[in-house]
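Working notes, beginning with the structure itself.
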Amino acid sequence: SAKWTRRYLIRNHQKMVIADGQRAMFGGFNIADDYFAPPEENGWNDLGIVIEGSAVEGLNDWFDKLRSWTEREEQHSREIARTVRDWEWKEPDVTWLVGGPTRGLSSWARCVSDDLVQGERLDMFMAYFSPPKRLLKRMGKIARKGETRLIMAGKSDNGATIGASRSLYDYLLRNRAQIWEFEPCKLHTKLIVLDDAVYLGSANFDMRSLYINLELVMKVEDKALADRMRKFVGEHIEASKPITIPVHKRRATMWNRFRWNLSWLLVSVIDYTVTRRLNLGI
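According to my numbering, the sequence shown is numbered sequentially starting from 652.
Right under this line is the structure:
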């Protein structure tokens with residue numbers, strides 16, 4: 652039905668809590684027991700941010716638009732698509748970006764895509780990683796001319812997402828990107844540090860978060876914060892397994908490559924609630 656299709660395509664992946672219109676929390680985490688559990692109890696590694704001040708005004712404005720849309724008896728997908736395409740809240744160092752299905756690119760996809768063109772130093776701590784070839788090539792260019800450090804998931808509740816990421820390692824490693832897999836527990840963190848800009852929020856770096864899901868991302872342009880978050884990434888590298896070219900070649904058997912490429916296809920076109928039920932042995 653049309654209603655089922657709209658619900659399937661427009662998945663609300665945002666996470667935000669606003670208190671009294673003056674203080675807010677956002678990030679990648681859901682509210683469930685395993686997001687608060689330690690690694691030994693199968694918890695998740697995730698990142699949440701608490702903010703106060705003028706940036707909360709942007710969240711208030713976006714929440715009001717979402718509330719207005721959801722309270723209507725007729726929820727027109729074209730209207731939310733226009734809102735996703737056009738809405739952006741900005742002050743000198745902070746920009747709120749949103750993602751979702753729209754004609755052209757959403758503000759989140761457009762901004763990160765443009766920044767990758769000129770970037771020289773990239774750090775990414777990402778739960779789900781399966782970007783399109785165009786963005787992958789931009790990451791490879793940064794790795795060749797500067798530095799690219801990537802921490803991917805070594806554990807997840809959805810093995811297909813790990814396979815999808817591994818299908819892209821060969822290209823990245825050949826272009827001198829450094830890759831690690833985080834193994835202490837399941838990974839749900841979403842963090843990008845690109846030169847002196849930091850992207851924080853709900854968006855993974857995959858096809859669904861870039862082009863389909865409703866996402867909420869804050870871009871902060873501040874060198875001190877970028878340096879602090881790079882240190883944060885470095886601290887997690889110490890707990891991660893380095894994926895070198897020899898390590899990747901040993902794992903990349905013909906059977907594994909088939910499973911990885913199939914995983915990329917599945918997670919790019921099918922919702923994770925479906926792929927999570929598939930057992931590809933990854």
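Ideal placement from N, C-alpha and C gives every residue a C-beta, glycine not left out.
By the three-class DSSP mapping on this structure, what secondary structure does residue i have?
| i | result |
| --- | --- |
| residue 653 | In this predicted model, residue 653 has a pLDDT of only 39, less than 50, meaning its place in the structure is not dependable enough to derive any value. |
| residue 893 | strand |
| residue 781 | strand |
| residue 635 | In this structure the chain extends from 652 to 933, so residue 635 is not present and cannot be described. |
| residue 732 | helix |
| residue 907 | helix |
| residue 685 | helix |
| residue 823 | helix |
| residue 912 | helix |
| residue 770 | coil |
Using a 10 Å radius around the Cβ and a threshold of 16 neighbouring Cβ atoms, would you call residue i buried or exposed?
| i | result |
| --- | --- |
| residue 896 | exposed |
| residue 743 | exposed |
| residue 665 | buried |
| residue 735 | buried |
| residue 670 | exposed |
| residue 782 | buried |
| residue 747 | buried |
| residue 785 | exposed |
| residue 880 | buried |
| residue 606 | Missing from the structure shown is residue 606; the chain here goes from 652 to 933 and no further. |
| residue 740 | buried |
| residue 905 | exposed |
| residue 634 | This structure cannot speak to residue 634, because the chain is shown only from 652 to 933. |
| residue 852 | buried |
Could you spell out the range, first to last residue, of the alpha helix (DSSP H) harbouring residue i?
| i | result |
| --- | --- |
| residue 812 | 810-817 |
| residue 888 | 874-888 |
| residue 709 | 706-722 |
| residue 865 | Note, residue 865: premise wrong, no alpha helix (DSSP H); not H, not E. |
Give the range of the beta strand (DSSP E) segment to which residue i is assigned.
| i | result |
| --- | --- |
| residue 848 | 848-852 |
| residue 951 | Nothing in the structure corresponds to residue 951, since the chain is present only between 652 and 933. |
| residue 800 | 798-804 |
| residue 748 | 745-750 |
| residue 738 | Residue 738 -> no beta strand (DSSP E), and no H or E assigned at all. |
- Say whether the region 821-841 touches the region 677-697, bearing in mind that this needs 3 or more beta-carbon pairs closer than 8 Å, one atom from each stretch. yes
- Query: Should the region 783-798 be called in touch with the region 821-831, which here means at least 3 C-beta pairs below 8 Å?
  - Reply: Below 8 Å, enough C-beta pairs join the region 783-798 and the region 821-831 to call them touching: three or more.
- Task: Count the CB pairs spanning the region 807-822 and the region 896-912 that are closer than 8 Å, and state whether there are at least three.
- Result: yes
- Query: Quick check: the region 887-907 against the region 864-874, are there 3 or more CB pairs under 8 Å?
  - Reply: Result no; under three Cβ-Cβ pairs closer than 8 Å.
- Are there three or more Cβ pairs, one per stretch, closer than 8 Å when the region 677-686 is compared with the region 713-723? In short, these stretches do not touch, since the Cβ pair count stays below three.
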